[in-house]
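Just below is one structure, and these are the notes that go with it.
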Amino acid sequence: MDYQFAAIEKKWQKFWAEHQTFKAEDKTTKPKYYVLDMFPYPSGAGLHVGHPLGYIASDIFARYKRLKGFNVLHPMGYDSFGLPAEQYAIQTGQHPAITTEANIATYRRQLDQIGFSFDWSREVRTSSPDYYKWTQWIFIQLFNSWYNKTADKAEPISKLVEHFEKYGSTGIDAVCDEEVLSFTADEWRALSDNDKQAELLKYRLTYLRESTVNWCAALGTVLANDEVKDGFSERGGYPVEQKKMMQWSMRITAYADRLLKGLDTIDWPEPLKEMQRNWIGKSVGALVKFRIIAPPKPSPVGRASEESAAKVSPTGGDLEGAIEVFTTRADTIFGTTFLVIAPEHELVEPLTTPGQKTTIEAYINQTKKKSELERMAEAKTVSGAFTGSYAINPVNGEKIQIWIADYVLAGYGTGAVMAVPSGDQRDYLFAKQYNLPIIPIIDIQNIETEADPTKEGRYINSGFINGLTYKEAAATVIAKLEELGAGKAKVNYRMRDAIFGRQRYWGEPVPVYFKDGLPHLIEEKDLPLVLPEVDKYLPTESGEPPLARASNWKYQASPKSSPKERTLKEGEAASLSFGEGRGEAYEYELSTMPGWAGSSWYWYRYMDAHNDKEFASKQAVEYWKNVDLYIGGSEHATGHLLYSRFWNKFMKDLDLVIEEEPFKKLINQGHIQGRSNFVYRLIDDAGQGTNTFISHGLIKQYKTSPIHVDVNIVENDILDINKFKVWRPEYKNAEFILENGKYVCGVEIEKMSKSKFNVVNPDNLIERYGADTLRMYEMFLGPLEQSKPWNTNGIEGVFKFLRKFWRLFHDDAWNFNVSDEEPTKAELKSLHKIIRKVEEDVDRFSFNTSVSSFMIAVNELTDLKCNKRAILQDMVIILSPYAPHICEELWVLLGNPAGTLSYTPYPKFNAAYLIEDEFAYPISINGKTKINLNISLSLESKDIEAFVLANADVQKYLDGKAPKKVIVVKGRIVNIVL
RNA sequence: GCUCAGAUGGUGGAACUGGUAGACACGCAGGACUUAAAAUCCUGUUCCCGUAAACGGAGUGCGGGUUCGAUUCCCGCUCUGAGUACCA
């Protein structure tokens, strides 16, 4: 029979599903291999041809590994909490669970028809209570943990409490809030429970804090930094403003250094590692305190005393009378000629002298008005204002001016810098603009036209470091600052703690209730805390999150609380209401978790997806360990991929998992872009659009406006005019100005999206060519990691290849016809070439080149008229990861039991079949190939040289001249230098 | 601005550690089969000179270098894409 792909594919997809062919084993002697795809958010639009690219690659890899004898875990699931379902719910009133369910069904149907070898028995959905129970459980573990810097790991909060009870706060080195209390053990014990809890909250790995958040009024929620682009929400493009809010945060900064160091241990693309490094933004430097000279009073005494300087500090404590700056170049401190603080800095007001008040206020107002975008656009210019106050450089006692400027960011470091105009370009521009001194501090520094940040040369104008090199100077300055009590070495990170609350409905509820204004965990046995029903998915009139709409949604203190909990609650016991199991009702936390919560640990759930006692059994985690190969887009570099590493490290600290890093090897598949087509509408003199459309080649002669046109009614950029007229009613009477009788459309490469009419749907292609063709064509398109626009033009070639392959097994009348004859040398050579080639290609994820190699092999075998079982059976195995359906069918036709192909051993490569006696040596003269000569491979270089020089054709090229040199590379080339 | 990736025929791309540049496919041109079309098959297809072939010349973004030999390594530049952005 002819190649009936539709019937074959349907048949085998059904077979695989019914027989659970791809179910990973939990007990086996086989080595394990874990191949993971980034699970999709099931959007309403379904899959377009770009989505399966990575899935096809991982599926080929997973299938290949099974042939190679591995127990492969290759699961799939859905990241099913998220904004779009909720926004749809707001518009339609339909529960997001219903739309999500419908979208998942579409995704599943589309995925199934591509023939993936997923183990669907392990499917997870982040929005399912069975799953988010464990997301909440991990939240509880985070809440119950603190980061011990001495041990460099997370530890139970109970250990911290023990320490406080015995020794007070001394001896604790933790990653915690800035303003923690110092206390003795007695003082700790004297605190009320509430005060204790308030204090502990400053240590917990997830904690509540008033933070400045990205508030998006249109979406009614808080967004993470990576969800905001240029001051607008990534989703929807609504304006985002800064707002102060009580928020759950994750102390990811505790792991900053481990997240950075771990990058060196994993096999990830370098650009992606670089993005994470930049995001973490480690800089090694020093904190330096500059004492403030009080603003001059309107009194006859010109210079203020030190006592009055102390009074300028509004807060007292550490900052008393000083501005603290962070610098990575403490060695340049003698070049400091002024200080600059951010306009938002808390000392701006006390430092401003009455004389400068108007200037400073005007400047602050001006910066406030500037949007993020404007500040970026002006990156080249600097502006600022003088506060009127002065500070003292601790190393030389110089009196320097204190300025404010918006090039200093309040959110980084201490929000204040020591300006060294000779070494920093921004400081240099600032000094030039406001006529401040510029002092060169290194002998070879050239500061004629711009700052010179060199570290070469010797220091000058620099007191006790004069004559030293950079290395010596840096260490000496920091030592001196420490001695003076004016500074210390400090590592600073750009990364901030991650905000963990969203004022939305469609997310995991936070397993917390509030008592006396403090958060308390609900008990583990009460998990999951299920998302309540609400009447509307909008914030309340008073601005509370949607969960505030849930009626009777309150926490009831449980009667069966653990003894420990009970002692903690002792104080309240009297106030609890009477009655069995009837606690007082408390408010639950009303915000939900962010989108990244559920995706930060899901790969563990696949290991043991139906466990209702644990997130995954110890045994399963010990067997599967971590993900061997992870394929997904690079857009998750500083979101999902960073948070996942963070949670993994935390879980490792608690001995819940055994690997420090979750994803050993990562591949970023490229993005398939859309290829949009345009028609050009003629604009009349009045500036109105007409009903006439100009072909692309002629648009220069007219005034036109481009309009996206559906790519499905365009072929090879030629518009199908009849289809265009019926595409939309308003084009029914459209007229055209053609070139060469055709309407040529314009082309642009853009993101694939509905609104641009450039979406190519896999369903149509599968209907026309089959899934095996689609799979191989997507791989054939180019290197996996490269982004490229979708172009269906070459798909015919792949389809023809599969038909040709099918034909090898059939005679002219399409009868299955395979011979048992011994294969010839040439046939074995073709086979073993492809055996090795595919091994090499899969190992380096070069799937496009193996597709062409398959074509070569099938072309060769077709030319050889080979229909021998000994060759074709192995061909079926090798091709099966790429085109599984056709191969399953042929496998059975060859007489093998159905369903065994996926686990049959990959053919063994035998180099003996590739050994040649002769090689057609390219003979080149001065590096230019002239002719090829067949020479026995057993000849040694010397004999080859003699043979070549004796050749008549070569003699002709030599033209009687004696060669200066002859280079012979055995088995490669002969080059004659004249 | 900085960081990273990339630039090869009409198109997608191949050439893995320096060794025959353009594999494989698309497209295009010509041909076979056919009343015709579709499908299928065959031939050609980097560019230039030449009637065609032989033959000759140029050629992997641009300019230089190293080498017997460079798409590959080094230096400088141009352009494209991605990320990031006053990070002290």
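Residue numbering for the first sequence follows numbering that gives the first Met the number 0, starting at 0 and increasing by one per position.
In this text, a Cβ means the ideal position worked out from N, Cα and C, and glycines have one as well.
Computed from a prediction, not measured in an experiment: that's the story for all the values here.
Quick check on the DSSP output: the beta strand (DSSP E) that includes Ala-404 runs from which residue to which? 398-404
Would you check if there are 3 or more beta carbon pairs closer than 8 angstroms linking the segment 11-28 to the segment 893-902? yes
Give every residue of the same chain whose Cβ lies closer than 8 angstroms to the Cβ of Leu-338, excluding the five residues on either side of it in the sequence, and list them in chain order. Phe-289, Ile-322, Val-324, Ala-390, Ile-399, Gln-400, Ile-401, Trp-402, Ala-415, Val-416, Met-417 and Ala-418
Just confirm the distance between the C-beta atoms of Thr-336 and Ala-430, as a whole number of angstroms; I'd bet it's less than 8 angstroms. 7 angstroms
Between Pro-508, Lys-867, Met-274 and Met-874, which has its C-alpha nearest Lys-835's C-alpha? Reading the sequence as shown, one finds Arg at residue 835 and not Lys. Among Pro-508, Lys-867, Met-274 and Met-874, the Cα nearest to that of Arg-835 belongs to Met-874.
Whole-angstrom C-beta distance between Gly-284 and Pro-883, which should lie under 8 angstroms: With a Cβ gap of about 56 angstroms, Pro-883 and Gly-284 do not count as contacting.
Please say whether Tyr-629 and Leu-665 have beta carbons closer to each other than 8 angstroms? yes
Gln-1041 lies in the alpha helix (DSSP H); which residues open and close that run? Nothing in the structure corresponds to residue 1041, since the chain is present only between 0 and 977.
When the Cα atoms are used, what is the spatial distance from Glu-939 to Gly-673? 56 angstroms
Can you tell me whether DSSP reads Pro-705 as helix, strand or coil? strand
Does the Cβ of Arg-604 have 16 or more other Cβ atoms within 10 Å, making it buried, or fewer, making it exposed? buried
Can you tell me the Cα-Cα spacing of Asp-762 and Gln-109, whole angstroms? 7 angstroms
With DSSP run on the structure shown, which of helix, strand or coil describes His-831? helix
Any heavy atom of the ligand PLP closer than 7 angstroms to the Cβ of Leu-517? With respect to small molecules bound, the structure shown includes none, and the ligand PLP cannot be examined in it.
Taking 6 angstroms as the limit between beta carbons, can you name the residues of its chain near Leu-957, skipping five residues before and five after? none
Beta-carbon separation of Leu-271 and Ser-786 under 8 angstroms? no
By Cβ distance, which residues of its chain are closer than 7 angstroms to Val-953, with the 5 residues on each side in sequence left out? Ile-922 and Val-947
Could you tell me how far apart the beta carbons of Ile-438 and Glu-455 are, in whole angstroms, since I believe they sit closer than 8 angstroms? That belief does not hold up - the Cβ atoms of Ile-438 and Glu-455 are roughly 18 angstroms apart, past 8 angstroms.
Determine, using beta carbons only, whether Gly-53 and Gly-631 come nearer to each other than 8 angstroms. yes
Just confirm the distance between the C-beta atoms of Ile-59 and Pro-880, as a whole number of angstroms; I'd bet it's less than 8 angstroms. 4 angstroms
State the Cα-Cα distance for the pair Val-976 and Asn-760, rounded to the nearest angstrom. 57 angstroms
For a test of the three-state rule: what should DSSP assign to Arg-680, helix, strand or coil? strand
On the three-state DSSP scale, how would you describe Tyr-986? It is not possible to answer for residue 986, since the shown part of the chain is limited to 0 through 977.
When DSSP labels each residue in this structure, what does Cys-215 get in the three-state scheme? strand
Return the bridge partner residues of His-519 from the DSSP annotation. Tyr-512
Please return the same chain residues whose Cβ sits closer than 6 angstroms to the Cβ of Ser-461, not counting the five positions on each side in sequence. Phe-333 and Ile-440
Could you tell me how far apart the beta carbons of Asp-978 and Thr-848 are, in whole angstroms, since I believe they sit closer than 8 angstroms? Past the edges of the chain, shown from 0 to 977, lies residue 978, and the structure says nothing about it.
Determine the direct distance from the alpha carbon of Trp-133 to that of Glu-613, and round the result to whole angstroms. 8 angstroms
Per DSSP, what are the beta-bridge partners of Glu-734 in this structure? Thr-691
Judging by CA-CA distance, which residue of Arg-767, Gly-926, Val-174 and Gly-219 is the nearest neighbour of Ser-541? Gly-219
Going along the chain, which residues of its own chain have a beta-carbon closer than 7 angstroms to the beta-carbon of Asp-654, five neighbours each way excluded? none
Could you tell me how far apart the beta carbons of Met-606 and Ala-615 are, in whole angstroms, since I believe they sit closer than 8 angstroms? 5 angstroms
Nearest-angstrom Cα distance between Lys-67 and Tyr-905? 6 angstroms
In three-state DSSP terms, what is Glu-658? coil
What residue ranges within the segment 325-371 form continuous alpha helix (DSSP H) runs of no fewer than 4 residues, ordered along the chain? 347-350 and 356-368
Identify whether Trp-11 lies in helix, strand or coil by the three-state DSSP scheme. helix
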